[in-house]
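Here the structure comes first, spelled out in structure tokens, and everything after it is commentary.
Protein chains: 2
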Amino acid sequence: MKALKTEIENNAQYLGEGIIKADAFINHQLLPGLTTDMGLAFAEKFKNAGVTGITRIVTAEVSGIAPALVVAQAMDVPMVFARKKKPAFMTGGLFSAHARSRTKAEAVTLYISDRFLGPGDKVLIIDDFLATASTLKALVSIVADSGAQLAGVGCVIEKAFEGGREQLASLDIPIISLACIDLVDQGKSFIVS
Amino acid sequence: MKALKTEIENNAQYLGEGIIKADAFINHQLLPGLTTDMGLAFAEKFKNAGVTGITRIVTAEVSGIAPALVVAQAMDVPMVFARKKKPAFMTGGLFSAHARSRTKAEAVTLYISDRFLGPGDKVLIIDDFLATASTLKALVSIVADSGAQLAGVGCVIEKAFEGGREQLASLDIPIISLACIDLVDQGKSFIVS
Numbered sequence: 001m002k003a004l005k006t007e008i009e010n011n012a013q014y015l016g017e018g019i020i021k022a023d024a025f026i027n028h029q030l031l032p033g034l035t036t037d038m039g040l041a042f043a044e045k046f047k048n049a050g051v052t053g054i055t056r057i058v059t060a061e062v063s064g065i066a067p068a069l070v071v072a073q074a075m076d077v078p079m080v081f082a083r084k085k086k087p088a089f090m091t092g093g094l095f096s097a098h099a100r101s102r103t104k105a106e107a108v109t110l111y112i113s114d115r116f117l118g119p120g121d122k123v124l125i126i127d128d129f130l131a132t133a134s135t136l137k138a139l140v141s142i143v144a145d146s147g148a149q150l151a152g153v154g155c156v157i158e159k160a161f162e163g164g165r166e167q168l169a170s171l172d173i174p175i176i177s178l179a180c181i182d183l184v185d186q187g188k189s190f191i192v193s
Numbered sequence: 001m002k003a004l005k006t007e008i009e010n011n012a013q014y015l016g017e018g019i020i021k022a023d024a025f026i027n028h029q030l031l032p033g034l035t036t037d038m039g040l041a042f043a044e045k046f047k048n049a050g051v052t053g054i055t056r057i058v059t060a061e062v063s064g065i066a067p068a069l070v071v072a073q074a075m076d077v078p079m080v081f082a083r084k085k086k087p088a089f090m091t092g093g094l095f096s097a098h099a100r101s102r103t104k105a106e107a108v109t110l111y112i113s114d115r116f117l118g119p120g121d122k123v124l125i126i127d128d129f130l131a132t133a134s135t136l137k138a139l140v141s142i143v144a145d146s147g148a149q150l151a152g153v154g155c156v157i158e159k160a161f162e163g164g165r166e167q168l169a170s171l172d173i174p175i176i177s178l179a180c181i182d183l184v185d186q187g188k189s190f191i192v193s
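Chains as they are written, first to last, in UniProt numbering: chain F, 1 to 193; chain A, 1 to 193.
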């Protein structure tokens, strides 16, 4: 995605310790055209990777919601976002798994109701960043517990230097990122590909 | 919005103490067609209310993100969602205000970076529920602090029995909800209008 690459080059910032500041277009402000195009790009790339018959998009709050929603729009299937705290309305059976948030430096538990994920589903997991893959592995575990089939993982930005792709390699499914960031200049700046 | 009314009647549930379980289409699972149509419905209703020249949509994480994003798509303007915890990337100047979350029974502080809201902006605040208006009033306060002009408030579902509309009346701007819920049968069930 050329527009995404340009946006990252112009408006993202490397803060050190693995943290990319992408609040101008992912984690705080969202640009409608760019965000909608992310959904279309994911749909096309997964189609080209031979992924068909998706019934549901799965993500985790907070910053996964927008990219997952635009993929749901592009594929016309429901999206479910894992909650990080169990809200008062979350009654009934649920799946859960633990993850660790890098940008908030805390352990979290992800919850998805068993009403919205089950053995009949063929699922794509979509998130904003592929970093250490901690959140993604928690979502993978929830999808497995539900009996649904996981068909692919998509992330807007992959931090190649954090090894998340290797963490997910044993799944043997397409892992698609729309842009990939690598550190250069002894970790002081980054390049986008 | 007839499709929303039908969805609420078929899939929402009143849990008591003011809490509506709407996780099948707002707070946990999102239906792409219905969600996209919410954005179009808000855009049309604000236009009919004489609201023009909007430059930015403002909401709060978590459940406000989806309805605010679809309004941003319908109006082709950026959206910014207030964060409830200050993430590591949130450096620089910011606006903040306190609110109380009903479904999570805790006080929260909302943060918006001063890079994404300012005196040149004409703003719509969009959220999932209009209940006691605690979150909405915090967003109103942030918009005022930023120097932006607030042109309207839109909520997917209004809980008429919680008085939020009255809390916002002094703003003298259009307050639009796509569906309105009232309690009947001595608070044991609800009707949608």
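The beta carbon of each residue, even a glycine, is placed where N, CA and C say it ideally should be.
Predicted, not measured: the structure shown is a model, and the values here were computed from it.
Query raised in the report: Anyone know if the C-beta pair for Leu139/A and Ala82/A falls short of 8 angstroms?
Result: yes
Query raised in the report: By DSSP, does Val123/F sit in helix, in strand, or in coil?
Result: strand
Query - Glu61/A at chain F interface by Cβ criterion, 8 angstroms - result: At least one chain F Cβ lies under 8 angstroms of Glu61/A.
**Report entry** 8 angstroms Cβ cutoff, Ser113/F in contact with chain A
**Finding:** yes
Query raised in the report: Excluding the five sequence neighbours on either side, which residues of its own chain have a C-beta within less than 8 angstroms of the C-beta of His98/F, listed in chain order?
Result: Ala107, Val108, Thr109, Leu110, Ala138
Query raised in the report: Should Met90/F be flagged as near chain A, meaning a C-beta pair shorter than 8 angstroms?
Result: yes
Requested in this report: Rank Ile112/F, Lys85/F, Phe129/F by C-alpha distance to the C-alpha of Asp145/F and give the top, closest one.
Outcome: Ile112/F
Query - Simplified DSSP state of Asp145/A, which is helix, strand or coil - result: helix
Query raised in the report: Thinking C-beta only, is Leu183/F closer than 8 angstroms to Glu158/F?
Result: A distance of 8 angstroms or more separates the beta carbons of Glu158/F and Leu183/F.
Query raised in the report: Since Arg83/F meets chain A, which of its residues come closer than 7 angstroms, beta carbon to beta carbon?
Result: His28
Query - Residues that Ile191/A bridges to, as DSSP identifies them - result: Asp182/A
Query raised in the report: Is the CB-CB distance between Phe25/A and Glu9/A below 8 angstroms?
Result: no
Report task. Quick one: list the residues of chain A neighbouring Phe116/F, beta-carbon separation under 7 angstroms, in chain order. Result -> Within chain A, the residues near Phe116/F are His28, Gln29.
Query raised in the report: Say the cut is 7 angstroms; is the CB of Val143/F nearer than that to a heavy atom of the ligand PLP?
Result: You won't find the ligand PLP in this model; it holds no ligand whatsoever.
Query - Backbone secondary structure at Arg115/F - three-state DSSP - result: coil
**Report entry** Proximal residues of chain A, C-beta to C-beta of Val77/F below 8 angstroms
**Finding:** Pro32
Query raised in the report: In chain A, what lies closer than 9 angstroms to Ala72/F by C-beta?
Result: Leu30, Leu31, Pro32, Thr35
Query raised in the report: Taking just the CA atoms, how far does Gly163/A sit from Ile175/F?
Result: Per the coordinates, the alpha-carbon of Ile175/F lies some 47 angstroms from the alpha-carbon of Gly163/A.
Requested in this report: Tell whether a beta-carbon distance below 8 angstroms holds between Pro78/F and Arg56/F.
Outcome: Yes, Cβ-Cβ distance for Pro78/F and Arg56/F is below 8 angstroms.
Query raised in the report: Between Pro87/A and chain F, is there a C-beta pair that is closer than 8 angstroms?
Result: yes
Query raised in the report: What residue range is occupied by the uninterrupted beta strand (DSSP E) comprising Gly64/F?
Result: Here Gly64/F belongs to no beta strand (DSSP E), and DSSP marks it neither H nor E.
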